[in-house]
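Asks: There's a structure below that I have some questions on.
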Amino acid sequence: MLAGKVILVTGASRGIGRAIALRLAREAPAHIFVGYCLQHDIAAQTVAAIENLGVPATAIAADLGQVESVEEMFRAINHRCGRLDVFISNAARASFRPAMNITSRTWDRTMDLNARAFLLGGQLSAQLMKDGGSIVALSSLGSHFYAPEYLALGAAKAAIEATARYLAVELAPKKINVNVVCGGLIETETTQLHPHYEELKRSVIAKTPEGRVGTPEDVAGVVAFLCSPEARWIRGQTIVVDGGFSLVS
Amino acid sequence: MIDQVTFSPAEVESTVVDAVAKSLLLKPSEIAINASLEDAYGAESLDMLEIVFALEKAFRIRLPHENILRGAEQKLGEGIFVRQGILTEQGLEILRRLRPEIDASLFTGTVRVHELGRLMTAQTFVRLTLRLLESKEESLGVLRESGCSRCGSRAIYPSQKAAEFVCHDCNATYPVPNGDAVLVEDVTKIYRENVRP
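Chains as they are written, first to last, in our numbering: chain D, 597 to 845; chain B, 12 to 208.
What follows is the structure, given as structure tokens:
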């Protein structure tokens with residue numbers, strides 16, 4: 597499916613990003629870039645896991661909130677491989693505060709780290725996708741439903757979903773497919789750090805038809821499909837991956 | 012090949028203040044070196060991550076990212092420094108010794124782990140950076156003494172692009188010391204020499 601392709605997954609040192617990188621590694625790409633910010637050793641472990649699957653991989657650090665850092669990351673990819681075929685915009689970072697406590701700086705920073713990072717990454721990816729490609733962004737239910745203290749990131753995710761629609765239309769002539777995967781509650785090391793995680797988890801399980809929370813692999817499988825030729829007629833869509841939670845609650 | 016590993020405290024302070032100011036959208040002259048970044052400037056976790064990234068890139072070091080006291084407890088025994096989210100007297104003593112840039116009176120009484128973030132100052136970053144640069148220089152010395160594990164050469168230099176050392180003769184690379192490991196070792200040493208009952 598992705599044989600010979602060059603792939604970048606941001607936020608891939610652990611959690612959903614790592615699961616996506618490992619899932620895509622099963623399709624025999626030429627190279628996977630494991631994007632991360634500060635978790636050097638953990639990113640190196642993900643690289644090792646990918647290479648154990650027989651796929652060359654490189655950990656590549658970037659501060660997605662800084663334009664020059666993002667540009668430097670894509671220059672490094674171009675220098676190493678001369679191309680990019682798949683860009684997975686998974687990294688996310690935010691401050692979680694009630695709406696009335698969000699400062700201008702927090703808003704700007706969250707938008708830069710998430711929404712602007714996706715747009716910029718999409719633009720730079722498109723320049724390297726010489727034979728077409730796939731761009732998939734990760735979103736969450738907070739983009740169109742209320743979640744406590746989630747305004748800044750929820751708004752950024754909504755911007756990502758809108759951006760994907762525009763990119764999908766404008767990049768179609770270049771045979772670049774753009775879509776979004778919107779996850780419900782996915783159990784990762786990061787989500788488990790939420791101060792009320794167990795309570796949240798119980799609440800979600802009670803409202804999910806299958807009676808569990810999602811796993812990173814649940815998301816990774818859908819991302820892999822959207823990168824495949826079978827998904828070529830799906831354009832600019834946000835695919836909700838939540839086990840049916842949003843239908844019921 | 013540039014051999015610089017160490018920087019003067021003044022160089023480090025200047026770079027730290029610039030990084031802090033840039034992250035907080037302030038002028039360097041507006042940053043008080045000993046002010047709580049959270050209390051004085053509204054800094055939050057996003058800012059701290061940006062500052063750490065900038066400093067790691069500027070100095071090609073690996074700053075600590077994890078909870079150092081918890082890391083030390085994995086070596087010394089759980090509950091020595093933190094119990095139910097509150098610092099023990101031994102934990103407080105460790106911090107009084109480890110963080111001389113902070114008023115020691117702030118490490119007395121009931122101090123919760125989640126409150127420690129408020130005690131981050133620009134000076135804290137200066138101290139951490141100087142410590143990691145010191146560790147980097149020590150590590151380079153050890154590498155040069157033992158020689159490259161691949162070719163035996165002692166022509167090993169700090170990379171100018173990444174947080175690693177490079178063998179000039181065969182391009183083998185070696186990572187710089189991990190900040191978490193360095194600080195955990197420092198805590199362990201302080202505990203064994205000064206704090207252990």
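Where is the CB? At the ideal position from N, CA and C, for every residue including glycine.
Closer than 8 Å, Cβ to any Cβ of chain D: which residues of the stretch 118 to 145 of chain B, in chain order?
Replies: Those would be none; no residue qualifies.
Asks: Which residue comes first and which comes last in the alpha helix (DSSP H) that contains E24 (chain B)?
Replies: Looking at the DSSP string, the run of the alpha helix (DSSP H) that includes E24 (chain B) is P20 to L35.
Asks: Any beta carbon of chain D sitting closer than 9 Å to that of M12 (chain B)?
Replies: Its pLDDT being 44, under 50, M12 (chain B) is placed unreliably in this model, and the value from its coordinates should be taken loosely. Not closer than 9 Å to any Cβ of chain D, the Cβ of M12 (chain B) fails to qualify, so no.
Asks: Since E61 (chain B) meets chain D, which of its residues come closer than 7 Å, beta carbon to beta carbon?
Replies: Those are D659 and G661, listed as they occur along chain D.
Asks: State the CB to CB distance for the pair A713 (chain D) and V666 (chain D), rounded to an integer number of angstroms; the pair is presumed to be in contact (CB under 8 Å).
Replies: A713 (chain D) to V666 (chain D), Cβ: 6 Å. Contact.
Asks: What's the call for N182 (chain B), buried or exposed, on a 16-neighbour Cβ count within 10 Å?
Replies: Exposed.
Asks: Check whether the Cβ of P186 (chain B) lies closer than 9 Å to any Cβ atom in chain A.
Replies: The structure shown contains no chain A; its protein chains are D and B.
Asks: Return no unless some Cβ of chain B is closer than 9 Å to the Cβ of Q635 (chain D).
Replies: Judged by the 9 Å Cβ criterion, Q635 (chain D) is in contact with chain B.
Asks: Roughly how many whole angstroms lie between the Cα atoms of M12 (chain B) and V28 (chain B)?
Replies: Per-residue confidence for M12 (chain B) stands at a pLDDT of 44, beneath the threshold of 50, marking its modelled position as unreliable; the derived number appears in the next sentence. Their Cα atoms are separated by approximately 28 Å.
Asks: Cβ atoms of R71 (chain B) and V187 (chain B): under 9 Å apart, would you say?
Replies: Cβ distance < 9 Å, so V187 (chain B) and R71 (chain B) count as in contact.
Asks: What in chain D is Cβ-close to N211 (chain B), meaning under 9 Å?
Replies: Within the shown structure, residues of chain B are numbered from 12 to 208, placing residue 211 (chain B) beyond reach of any answer.
Asks: Is Y793 (chain D) helix, strand or coil when you go by DSSP?
Replies: It is helical.
Asks: What residues in its chain sit with their C-beta under 8 Å from that of I616 (chain D), if we drop five residues either side in the sequence?
Replies: V605, A608, I684, N686, P812, V815, A816, V819 and A820, listed in sequence order.
Asks: Would you list the one or two residues that DSSP bridges to V602 (chain D)?
Replies: In DSSP, V602 (chain D) forms a bridge with D:H627.
Asks: With DSSP collapsed to three states, give me the class of C136 (chain B).
Replies: The question names Cys, yet the displayed sequence has Phe at residue 136 (chain B). Residue state, collapsed to three classes: helix.
Asks: With 16 as the cutoff for other CB atoms within 10 Å, does T702 (chain D) come out buried or exposed?
Replies: So T702 (chain D) ends up on the buried side.
Asks: Residue range of the beta strand (DSSP E) that T654 (chain D) falls in?
Replies: Looking at the DSSP string, the run of the beta strand (DSSP E) that includes T654 (chain D) is A653 to A657.
Asks: Quick test of your reading: L680 (chain D) and L618 (chain D), contact by CB under 8 Å. State the CB separation rounded to the nearest angstrom.
Replies: Rounded, the Cβ-Cβ distance is 19 Å, inconsistent with contact.
Asks: Give me the Cα-Cα distance between I656 (chain D) and A173 (chain B), rounded to the nearest whole angstrom.
Replies: Between I656 (chain D) and A173 (chain B), the C-alpha separation is close to 11 Å.
Asks: Residues of chain B with CB closer than 7 Å to the CB of R701 (chain D), please, in chain order.
Replies: Neighbours of R701 (chain D) on chain B, chain order: L36.
Asks: Rounded to a whole number of angstroms, what is the C-alpha to C-alpha distance between I62 (chain B) and E196 (chain B)?
Replies: Straight-line Cα distance between these residues: approximately 24 Å.
Asks: Whose C-beta lies closer than 7 Å to the C-beta of E826 (chain D) among residues of the same chain, with five residues either side of it excluded?
Replies: Hits under 7 Å: none found.
Asks: Do you know offhand how far E623 (chain D)'s Cα is from V732 (chain D)'s?
Replies: Rounded to whole angstroms, E623 (chain D) to V732 (chain D) spans 16 Å at the Cα level.
Asks: Quick test of the definition: if touching needs 3 or more C-beta pairs under 8 Å, does the stretch 753 to 765 of chain D touch the stretch 795 to 811 of chain D?
Replies: No, the stretch 753 to 765 of chain D is not in contact with the stretch 795 to 811 of chain D.
Asks: Would Y52 (chain B) pass as a contact of L74 (chain B) if the rule is Cβ separation under 9 Å?
Replies: It is not a contact, given that the beta carbons lie outside the stated cut-off.
Asks: Quick check on I13 (chain B): does DSSP put it in helix, strand or coil?
Replies: Because I13 (chain B) sits at a pLDDT of 45, beneath the cut-off of 50, its placement in the model cannot be relied upon, and the following sentence gives the value as read from the coordinates. Reduced to three states, the DSSP call for I13 (chain B) is coil.
Asks: Do you know whose CA, among D:I830, D:E795, D:L789 and D:G840, lies nearest G810 (chain D)'s CA?
Replies: Of D:I830, D:E795, D:L789 and D:G840, the residue nearest in Cα terms is D:G840.
Asks: Between D:Q635, D:R676 and D:M597, which lies nearest to F629 (chain D) when the distance is taken from Cα to Cα?
Replies: Taking only the C-alpha atoms, the option nearest F629 (chain D) is D:R676.
Asks: Exposed or buried, which one is K601 (chain D) when buried takes at least 16 other CB atoms within 10 Å?
Replies: Looking at its Cβ environment, which holds 16 or more other Cβ atoms inside 10 Å, K601 (chain D) is buried.
Asks: Less than 9 Å between CB atoms is the rule here; does L749 (chain D) satisfy it with respect to chain B?
Replies: Answer no: the Cβ-Cβ gap between L749 (chain D) and chain B never drops below 9 Å.
Asks: Could you pull the start and end residues of the alpha helix (DSSP H) that F70 (chain B) belongs to?
Replies: Segment S56 to F70, the alpha helix (DSSP H) holding F70 (chain B).
Asks: Between the stretch 717 to 749 of chain D and chain B, which residues of the former have a C-beta closer than 7 Å to a C-beta of the latter?
Replies: Flagged: no residues at all.
Asks: Rounded to whole angstroms, what is the Cα-Cα separation between V776 (chain D) and M707 (chain D)?
Replies: C-alpha separation (whole angstroms): 17 Å.
Asks: Apart from the five residues just before and just after I835 (chain D), which ones in its own chain have a Cβ nearer than 8 Å to its Cβ?
Replies: Within the same chain, I835 (chain D) has close Cβ partners N775, V776, V777, C778, V818 and L822.
Asks: Going by Cα to Cα distance, which pick from B:D50, B:G88, B:S34 and B:A46 is closest to R207 (chain B)?
Replies: With distances taken between Cα atoms, R207 (chain B) lies closest to B:G88.
Asks: Could you run through the stretch 83 to 110 of chain B and flag, in chain order, every residue whose CB is less than 8 Å away from some CB of chain D?
Replies: Answer in chain order: no residues at all.
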